[in-house]
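Chains as they are written, first to last, in this note's numbering: chain A, 67 to 282; chain B, 7 to 351.
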């Protein structure tokens, strides 16, 4: 529990510092990372095996997501987003969903993020352009919502009781493999699967029509 | 700790160390092979001064690279500039870890698979890491802050996205015939039913073409086209950092060749070996050797094609990928599904 509270505290302090000072992001991130690793090391007796790893991956995921938003350089933001997607793939992996983990890397980290990199490279965005928080309502709104979310997290952790930090749930042999998932997709979830494919092909044709309108 | 876990850890560590040694040596000697074969094709002599037949040339090159000054241009974006060579080198090595190089072997009373990781999603992991390779090239181009580098990076990302699709579609044919994503199952299926290249020739050709494009090799080396872009994405790199790009190219070639062998040419399978009745260890050694010979053949083809086919123009590259390989790949999937439906493979 101290661990999660510590993490939220670290993140909150980091966000506060960053929003008021145009500080050097990387040294600040490294220092806060060191603090969090120290917290993890202190608390590791309570976190064994998968719990420890889920805590570590969760921390990296949160920090990288934070860096996506606050880093002044758009390309570095994209890189941290890739790191974040990798962390999510690792979460799938420790939940025994190995197929989803690899697909997450192929589709999101591999294909979609390449397009992001492509666009950032082509647009040649200026550093810090439009990245400062707007004043007035935006900042106060962010603070109120952030405080509400922190309170919610705090409440959830306080009422955790004896539940473990991390519970992967039941999973039999073959769980999460391509065979298992494919079987479910083509039997129980066939309608949703086919509906999604129709939606995707409609979107694809729409994109082609929009992009090629001038050529007609 | 549990002795079973210790055993797995030790076994994997030994395999990984061996694999690193073999892979890096192979990469070093690939540079020698490339220069010698290029010279042979062009009726020159090639490097023949350092050691017999120039065999110590890679060593001399390595020492030279280590002592070269690393020039960091002042206008680069340093964190990404330093990260890019690693991002291109690591996926090239990691991909090889799921490729089986031989049958499992009885040694010191244990069964040892000649493969670092026999994972359930082997083929997908190959695709995942080959799609990671593009970041190294794209980011090297972007962080160099140089027009030529940026053009190289852009070309490479467009090229890799286009040809990854063709490669994936070619692999789908193999997966449908095998019914498994595990690379050791793919090899086992080919041992039983004949090599995939025999009845999936279009898929094989598409895979090879896409592999050439993914490794940025000659007909597709637009990201580093020296007549237009100086050296493309690695223009601003020097010393050991440049050599990481250089080594990654050869590591990628070796991995792509090993995959082509595993997916289409029966992996380590030697036809008719079972009838000879060799002892198990000897048979395994012959099979590992056969795997190496097949991979070496593909590496030779890489060099051969380099001096045979001229570089594509950019629009030709895109046309070939999207209007050529992709439709043929889809038709090929229909053909393989027909074979599978009839139960012929």
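The beta carbon of each residue, even a glycine, is placed where N, CA and C say it ideally should be.
- Task: Please decide whether residue 187 (chain B) counts as near chain A, where near means a Cβ-Cβ distance under 9 Å.
- Result: Closer than 9 Å to some Cβ of chain A, the Cβ of residue 187 (chain B) qualifies, so yes.
- Count the other CB atoms within 10 Å of the CB of residue 159 (chain B); is the residue buried (16 or more) or exposed (fewer)? Burial call: buried.
- Task: Just tell me which of B:311, B:34, B:180 has its CA closest to the CA of residue 351 (chain B).
- Result: For residue 351 (chain B), the closest alpha carbon among the candidates B:311, B:34, B:180 is that of B:180.
- Task: Decide if residue 91 (chain B) is buried, meaning its Cβ has at least 16 other Cβ atoms within 10 Å, or exposed.
- Result: With a 10 Å radius around the Cβ and a threshold of 16 neighbouring Cβ atoms, residue 91 (chain B) comes out buried.
- Query: Per DSSP, what kind of secondary structure is residue 343 (chain B) in: helix, strand or coil?
  - Reply: Residue state, collapsed to three classes: helix.
- Message: From the DSSP secondary-structure annotation, give me the bridge partner or partners of residue 111 (chain B).
- Response: Paired residues: B:118.
- Task: Could you check the C-alpha separation between residue 45 (chain B) and residue 89 (chain B) for me, to the nearest Å?
- Result: Those two C-alpha atoms are separated by around 34 Å.
- Hey, residue 260 (chain B) and residue 334 (chain B): beta-carbon distance below 9 Å or not? For residue 260 (chain B) and residue 334 (chain B), no; Cβs fall outside 9 Å.
- Give a yes or no on whether the C-beta atoms belonging to residue 189 (chain B) and residue 149 (chain B) are separated by under 9 Å. No, the pair does not count as a contact, with Cβ atoms beyond the cut-off.
- Kindly list the residues whose CB is nearer than 7 Å to the CB of residue 153 (chain B), restricted to its own chain and excluding five residues on each side of it in sequence; keep chain order. Here the set comprises nothing.
- Task: Please list the partners that residue 172 (chain A) has in chain B, where partner means a Cβ-to-Cβ separation under 8 Å.
- Result: Within chain B, the residues near residue 172 (chain A) are 130, 133, 134, 137.
- Task: Pick helix, strand or coil for residue 142 (chain B), following the three-state DSSP scheme.
- Result: In this structure, residue 142 (chain B) counts as helix in the three-state DSSP scheme.
- Task: Would you give the residue range spanned by the alpha helix (DSSP H) that residue 312 (chain B) belongs to?
- Result: Per DSSP, residue 312 (chain B) belongs to the alpha helix (DSSP H) from 286 to 312.
- Task: Starting from residue 144 (chain B), find everything on chain A with Cβ-Cβ shorter than 9 Å and list it in chain order.
- Result: Under the 9 Å cutoff, chain A gives 180, 183, 184, 187.
- Within 9 Å of chain A by C-beta, residues of the region 76 to 94 of chain B in sequence order: Residues are counted here when their Cβ sits less than 9 Å from a Cβ of chain A; for the region 76 to 94 of chain B these are 83, 85, 86, 89, given in chain order.
- Task: With a threshold of 16 other CB atoms inside 10 Å of the CB of residue 8 (chain B), please say whether the residue is buried or exposed.
- Result: With fewer than 16 other Cβ atoms within 10 Å, it is exposed.
- Task: Taking residue 216 (chain B) and residue 331 (chain B) to be in contact with their CB atoms under 8 Å, please state how far apart those CB atoms are, rounded to whole angstroms.
- Result: The beta carbons of residue 216 (chain B) and residue 331 (chain B) sit about 7 Å from each other, so the pair counts as a contact at 8 Å.
- Task: Please name the residues in the region 253 to 277 of chain A whose beta-carbon is closer than 8 Å to at least one beta-carbon of chain B, in chain order.
- Result: Of all residues in the region 253 to 277 of chain A, none has a Cβ within less than 8 Å of some Cβ in chain B.
- Task: Could you give the DSSP three-state label for residue 264 (chain A): helix, strand or coil?
- Result: Under the three-state reduction of DSSP output, residue 264 (chain A) falls in the helix class.
- Task: Buried or exposed for residue 233 (chain B), please, with buried defined as at least 16 other CB atoms from any protein chain shown within 10 angstroms of its CB.
- Result: Counting the other Cβ atoms within 10 Å of the Cβ of residue 233 (chain B) gives fewer than 16, which makes it exposed.
- Task: Output yes or no for whether 9 Å exceeds the beta carbon distance between residue 338 (chain B) and residue 203 (chain B).
- Result: Against a cut-off of 9 Å, the Cβ pair of residue 203 (chain B) and residue 338 (chain B) comes out as no contact.
- Euclidean distance between Cα positions of residue 15 (chain B) and residue 96 (chain B): Straight across, the Cα-Cα distance linking residue 15 (chain B) with residue 96 (chain B) is about 21 Å.
- Where do the ends of the alpha helix (DSSP H) carrying residue 246 (chain A) lie? Note, residue 246 (chain A): alpha helix (DSSP H), 244 to 252.
- Residues within the region 149 to 164 of chain B neighbouring chain A, beta-carbon criterion of under 7 Å: Those would be 156, 159, 160, 163, in chain order.
- Query: Between the C-alpha atoms of residue 210 (chain A) and residue 127 (chain A), what's the straight-line distance to the nearest angstrom?
  - Reply: Spanning the two alpha carbons is a distance of roughly 23 Å.
- Item | Proximity of residue 112 (chain B) and residue 255 (chain B) at Cβ, strictly below 9 Å | No, the pair does not count as a contact, with Cβ atoms beyond the cut-off.
- Query: Using a C-beta cutoff of 9 Å, does residue 168 (chain A) count as contacting chain B?
  - Reply: Yes, contact with chain B.
- Message: Could you tell me the alpha carbon to alpha carbon distance between residue 246 (chain B) and residue 55 (chain B), rounded to whole angstroms?
- Response: Their backbone Cα atoms lie some 23 Å apart in a straight line.
- Can you check whether the CB of residue 288 (chain B) is closer than 9 Å to the CB of residue 274 (chain B)? Not closer than 9 Å, so no.
- Item | Amino acids of chain B, ordered along the chain, whose beta-carbon sits closer than 8 Å to that of residue 204 (chain A) | Within chain B, no residue comes near residue 204 (chain A); the closest Cβ sits about 29 Å away, beyond 8 Å.
- Check each residue of the region 133 to 147 of chain A: if its Cβ is closer than 9 Å to any Cβ of chain B, include it; give the result in chain order. Within the region 133 to 147 of chain A, the residues whose Cβ lies closer than 9 Å to some Cβ of chain B are 139, 141, 142, 145, listed in chain order.
- Query: Looking at the C-beta of residue 176 (chain A), does it have a partner C-beta in chain B at a distance below 9 Å?
  - Reply: Yes - at least one Cβ of chain B is within 9 Å of the one on residue 176 (chain A).
- Query: Out of curiosity, what's the CA-to-CA distance linking residue 246 (chain A) and residue 240 (chain A)?
  - Reply: Rounded to whole angstroms, the gap between the alpha carbons of residue 246 (chain A) and residue 240 (chain A) is 6 Å.
- Item | Proximity of residue 185 (chain A) and residue 137 (chain B) at Cβ, strictly below 9 Å | Not a contact, by the Cβ cut-off of 9 Å.
- Count the other CB atoms within 10 Å of the CB of residue 256 (chain A); is the residue buried (16 or more) or exposed (fewer)? Looking at its Cβ environment, which holds fewer than 16 other Cβ atoms inside 10 Å, residue 256 (chain A) is exposed.
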